[in-house]
Amino acid sequence: MIGVDAAFIARALKLSPDAFRKLMDHGHIRTLSERGTGVDEGYFRLSFYYRDRRCRITTDGAGHMIACDQRQSRPSNRAISHRS
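Set out below in structure tokens:
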């Protein structure tokens, strides 16, 4: 299991740590975890989404953060799942 500091993610999403925890508890922050394959084997990417904000963290297999990308953009329809 990979663990990251909630206060760091809260700051990246421009939230207080308490607000971040409450929003997570109520399902208002979406998350995505990805495991690297091929040349990216052993790396993990964790993404946190709140409204128009995103914090994406890349870690090595030991959980050490090696990259962090923070963005603010308009909400995307790509985040919505379409069923056929």
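Counting in my numbering, the sequence shown runs from 49 upward without gaps.
Positions of the beta carbon are idealized from the N, C-alpha and C atoms, including for glycine.
Predicted model, so just to flag it, every value in this text is computed and none were measured.
Quick check: what's the CA-CA separation for Glu82 versus Ala58? Taking the straight line joining both Cα atoms gives about 20 Å.
Contact under 9 Å by Cβ, Phe92 with Cys103: The answer is no: Cβ separation not under 9 Å.
With Gly90 and Asp108 assumed to form a contact (beta carbons below 8 Å), what rounded beta-carbon distance in angstroms separates them? The distance from the Cβ of Gly90 to that of Asp108 is about 6 Å, consistent with a contact at the 8 Å cut-off.
Collapsed DSSP secondary structure at Leu71 in the structure displayed: Helix.
Reducing DSSP to helix, strand and coil, say where Arg59 ends up. In the structure shown, Arg59 sits in a helix (DSSP, three-state: H, G or I).
Can you look up Ala54 in the DSSP assignment and give me helix, strand or coil? Correct three-state label for Ala54: helix.
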